[in-house]
Amino acid sequence: MRLILLGAPGAGKGTVAKMLTGLDGSVQISTGDILRGEVRAGSDLGKAAKQHMDSGGLVPDEVIMGMMEKRLQQPDAAKGFLLDGFPRTIPQAEALDQLLAKLGIQLDAVVNIDVPRDVILDRLTTRRTCSNPECQEIYNVKTRPPKQEGVCDKCGSPVIQRDDETEEAISKRLETYNEKTAPLAGYYEKKGDLLTVSSTSSDEVVDAIKKRIGM
Ligand code: AMP
């Protein structure tokens, strides 16, 4: 399947994407994960991206498009992909349209996961993530803590709070989302591609997607 997952930070895009990859071998492509990998590796791209990321702003469109043009042409994306956190601005969506047309790829749907703001805020402040880049399991200190505090159940690596999950960065990320990313729902609605799912349950979101694409 070929999907774009839209939604505020903390709406559950990553969780839903991980659930969908198990269905047909489509890969999750998260620009946030790719960027965090570049930051860890200390690459020029990572150095340029880090300040934007830590402050809750966006990495420039040209940087993201260069990165995604390469990523979408890697062999594992041929089976299908779930775009998580991309596009995030109207110029990125327009550039993606052009890129997909050039590559002869058609999307199955654009899914907007709509979750109330108070739930988002609560989730982001209580979210913890496995620090192992190969794992990145997501926990929640209130609703899904690791069995042993601070240690990933799956791989044993430390479970951490992301640098951009301080209260200040979170409120900036939500502001950035409202200003730059929320308008994408209207953009895809006009094109007739949009499926909005208002639910805080990832299982329900996955079911709605399966129904939409006939799985
Ligand atoms: P995420 O893990 O998707 O919340 O992304 C973490 C951070 O990476 C964001 O707050 C942005 O600074 C940056 N980022 C991720 N995806 C994009 C994108 N498509 N465009 C611009 N910046 C992005």
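Using the numbering used here, you'd call the opening residue of the sequence shown number 824 and step up by one each time.
Glycine included, C-beta positions come from ideal geometry on N, C-alpha and C.
- Bounds of any beta strand (DSSP E) do not take in residue 921; it lies within the alpha helix (DSSP H) bounded by 913–926.
- Inclusion of residue 997 and residue 831 in the CB contact set at 8 Å is warranted, their separation being smaller than that value.
- Bounds of any beta strand (DSSP E) do not take in residue 945; it lies within the alpha helix (DSSP H) bounded by 940–949.
- Judged by pairs of C-beta atoms under 8 Å, the stretch 897–915 touches the stretch 837–846, as three or more such pairs exist.
- When only Cα atoms are considered, residue 852 and residue 942 end up about 24 Å apart.
- Excluding sequence positions up to five before and after residue 1011, its CB lies within less than 6 Å of the CB of 933 and 1017, all in the same chain and listed in chain order.
- As for any alpha helix (DSSP H) of minimum length 4 sitting wholly inside the stretch 859–887, the runs are 867–878, ordered along the chain.
- Remark: the shortest separation between the CB of residue 910 and any heavy atom of ligand 1 falls under 7 Å.
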